[in-house]
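Numbering (the numbering used here), first residue to last: 238 to 828. Presented below is the structure to which this report refers.
See below:
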């Protein structure tokens, strides 16, 4: 699909009537997909944003249910356990307040900002304690025609309150996500963002373009919780990483400079790409070029920030780009839905789009200055939580390449598995792994039996709950550390029964018998520590997890029933589930 990653948001997606038509069409198309429940808790009129949020979520194959609180009863709604907030049981809460309603006589400027900041902090803490769902918080738009440098100005007070929001969100980053309204006003301009007349008529401060941008940012966060973030960026070189054609202009003739235009625009673009790399995004190259020319620039150009080691794959040759991209996907063992391809050539973009319809494509702009808008494309790679393993992804994928090269030398699979020298560490209720375990639930699609998505606070509640057991496994072999790859969350019924709420495994350790080893380790823990006699489980098809459709059959569970939706229900007594541990898997530690 062609994306607008380097240009302002398409105007047709800022017009409410056009967007409503698109929402109606997308809704008619139907199809499977999660249905996130989103609740807006506001003290002003934000109605109208639901059209734009629905559009952006439907584009992600999410089918939202959206509700609003009553007007200006924020605290009462949170305190009242019978309110619409709790009745809706939202998957996501949006908190959006307007200071002109929150603070009496706001413009008279006689109010105490520190007192309001304290009350705001109390409200946020109340929401934290009562609401388990992720909370998206909008900051306060700065007043017009004021000066933040003047002591006691309205701007300085609003900045203080925005710092309160930012500090609270940073201190509770597993649950709270701050949306920067002032950045959006800066991008769009005041005329396209704020509506003074509508504010006075109905306490609705924002115009449609602003609502559309704000909804897009909300959809980015919500989508990331469902594992929809991209993992890998595929980059062209000429007129993308640098200006000009290196094969014709030579390394000295390309535009790439830390100070002088136009090369500085490409230098700045590379800096943004390095930031993505540092966040765990995989970088690859797909370029019609001589590989030696590309590597020379990466290694020797004095202003090239990107080096060969920043890329997990480099395909610089004269094959079709569609072939090279398919090869990159096969090498990394990732589906095309995990990639974004950036190329300056409209012809190449069109050819790749035709050959690989599941790939997201961004055409790099002809004007190098527009490369600064890469921030819009960065949203595609947003992940709600960072784990310690994010910084190791590049090396882990390179290690996988070494494993594949090694496998080519073995005709016998069992012999190859023994050669890997696989060892595992087993964990139970490990709080230090919260971010990583939540990430696994959000990102794992193929090897995931029920595909339940959880946040770090959700995982923390499971760990603290006497009715749940959280088991995980780290895998290592002679090529390197694969990290935490397996997760099982089990619900105990207190009378000898248990149900497998979550059973998943990272795709990077598929076909190594680790799923069978881990499952029977889980059974052993349940039997020996919790006295479990019976186990129940289910398989919920998603369209992406058919790889594990028969896993419960393969481990010996008995199929009890299949629903109309294809959900399969299983159960078995533990004493009927025997298992012999493979010789090629060694236990390094149990924690």
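Where is the CB? At the ideal position from N, CA and C, for every residue including glycine. These numbers were taken from a predicted model, which means no experiment stands behind them.
DSSP lists 736 and 808 as the beta-bridge partner residues of residue 773. Within 10 angstroms of the beta-carbon of residue 789 lie 16 or more other beta-carbons, which makes it buried. In this structure, residue 659 lies away from residue 806, with their beta-carbon atoms at least 8 Å apart. Straight through space, the alpha carbons of residue 271 and residue 262 are spaced by roughly 18 Å.
Shortest Cα-Cα distance from residue 529 to any of 551, 732 and 359 involves 551.
Rounded to the nearest angstrom, the gap between the Cα atoms of residue 540 and residue 508 is 11 Å.
The beta-carbon distance between residue 449 and residue 289, rounded to whole angstroms, is 4 Å. This is short enough to meet the 8 Å contact definition. Residue 398 has its alpha-carbon roughly 21 Å from the corresponding atom of residue 315. Within the same chain, Cβ atoms closer than 6 Å to the Cβ of residue 418 are found at 375, 376 and 378, the five residues on either side in sequence being excluded. Going by DSSP, residue 710 is part of the beta strand (DSSP E) stretching over 705-714. Annotation for residue 394: the continuous alpha helix (DSSP H) segment containing it runs 391-408. Restricting attention to alpha helix (DSSP H) runs no shorter than 4 residues, the region 439-490 encloses them at 445-462 and 483-486, ordered along the chain. For residue 764, the CB contacts under 7 Å within the same chain, skipping 5 residues up- and downstream, are 811 in chain order.
Linking residue 735 to residue 614 through their CA atoms gives a straight-line distance of about 44 Å. Under the 8 Å Cβ criterion, the region 663-681 does not count as touching the region 344-364, having fewer than three qualifying pairs. In this structure, residue 483 places its C-beta atom within 8 Å of the C-beta atom of residue 531. If you keep only unbroken alpha helix (DSSP H) runs of at least 4 residues inside the region 629-702, you get 630-644, 650-656, 671-680 and 693-701. Assignment of beta-bridge partners to residue 524 by DSSP yields 553.
DSSP places residue 560 in the uninterrupted alpha helix (DSSP H) bounded by 558-569.
Pairing residue 794 with residue 808, the inter-Cα distance amounts to about 6 Å.
Here the region 708-715 makes no contact with the region 648-655; the two share fewer than three CB pairs at distances below 8 Å. For residue 821, no beta strand (DSSP E) run applies, since DSSP gives it neither H nor E.
According to the DSSP assignment, residue 588 belongs to no beta strand (DSSP E) but to the alpha helix (DSSP H) extending over 583-592.
In the assembly as shown, residue 786 is an exposed residue. Its beta-carbon has fewer than 16 other beta-carbons within 10 Å. Under DSSP, residue 827 takes part in a beta bridge, and its partners are 663.
Under the DSSP assignment, residue 261 falls in the alpha helix (DSSP H) whose first and last residues are 253-266.
If you draw a straight line from the Cα of residue 718 to the Cα of residue 633, it comes to about 7 Å. Secondary structure within the region 323-388: the alpha helix (DSSP H) runs of 4 or more consecutive residues, fully enclosed, are 336-339 and 350-367 (chain order). The C-beta distance from residue 373 to residue 305 rounds to 14 Å, too long to fall under 8 Å, and the pair is not in contact. Collapsing the DSSP output to three states places residue 786 in coil.
Note on geometry: alpha-carbon atoms of residue 395 and residue 416 lie some 15 Å from one another. Exposed is the label assigned to residue 701, since fewer than 16 other Cβ atoms lie within 10 Å of its Cβ. In this chain, residue 798 is not harboured by any alpha helix (DSSP H); it is covered by the beta strand (DSSP E) spanning 795-799. Taking 8 Å as the cut-off, the beta carbon of residue 696 is found no closer than this to the beta carbon of residue 729.
Residue 470 sits buried, since 16 or more C-beta atoms from the chains shown fall within 10 Å of its C-beta. Annotation for residue 419: the continuous alpha helix (DSSP H) segment containing it runs 418-425.
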